[in-house]
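Undergrad:
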Amino acid sequence: MEAVMMRLEQRACQAESRMAALEGRLASGGASGGPGASADDLRELRALLVAAKGEQDALRAERDAALKAAAAAEEAAAKAEYRALHLARALREADAAASAASKR
Numbered sequence: 006m007e008a009v010m011m012r013l014e015q016r017a018c019q020a021e022s023r024m025a026a027l028e029g030r031l032a033s034g035g036a037s038g039g040p041g042a043s044a045d046d047l048r049e050l051r052a053l054l055v056a057a058k059g060e061q062d063a064l065r066a067e068r069d070a071a072l073k074a075a076a077a078a079e080e081a082a083a084k085a086e087y088r089a090l091h092l093a094r095a096l097r098e099a100d101a102a103a104s105a106a107s108k109r
């Protein structure tokens, strides 16, 4: 789960830095300074946004799968703990019954 979160944070930082670089280029008038530069920058920005959306969807699906797996693991652990508790209780009761029977 932590590895998924680390990758999410890393990709988010990369996307933010790419966006900041493009915003800086747009604010300064583009790389070439020509009239078509801003349109090219906008196309590049749109492509980056589409790619980021795809990454976000993939990461969301990965996160959801990890959350389901974690919930299933927690449920299995709770069941195992419940069984162990009742087995220990049954064992104590059996020992007490055997001890009482041997004292007779």
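In my numbering, the protein residues as written are 6 to 109. All C-beta atoms, glycine included, are put in the ideal place defined by N, C-alpha and C. Note that this is a predicted model, so its numbers are computed, not measured.
Could you give the uninterrupted runs of the alpha helix (DSSP H) lying entirely in the segment 36-82, keeping only those of 4 residues or more?
TA: Counting only runs of 4 or more, we get nothing.
Undergrad: Using CA coordinates, which residue listed in Ser104, Leu54 and Leu64 is at the minimum distance from Arg12?
TA: When each option's Cα is compared against that of Arg12, the closest is Leu64.
Undergrad: Less than 7 angstroms between the beta carbons of Leu27 and Leu47, yes or no?
TA: It is not a contact, given that the beta carbons lie outside the stated cut-off.
Undergrad: Taking three-plus beta-carbon pairs below 8 angstroms as touching, is the segment 82-99 in contact with the segment 51-62?
TA: Judged by Cβ distances under 8 angstroms, the segment 82-99 makes no contact with the segment 51-62, as fewer than three pairs qualify.
Undergrad: Where does the unbroken alpha helix (DSSP H) through Ser22 begin, and where does it stop?
TA: That run of the alpha helix (DSSP H) goes Glu7 to Ala32.
Undergrad: Reducing DSSP to helix, strand and coil, say where Arg94 ends up.
TA: In this structure, Arg94 counts as helix in the three-state DSSP scheme.
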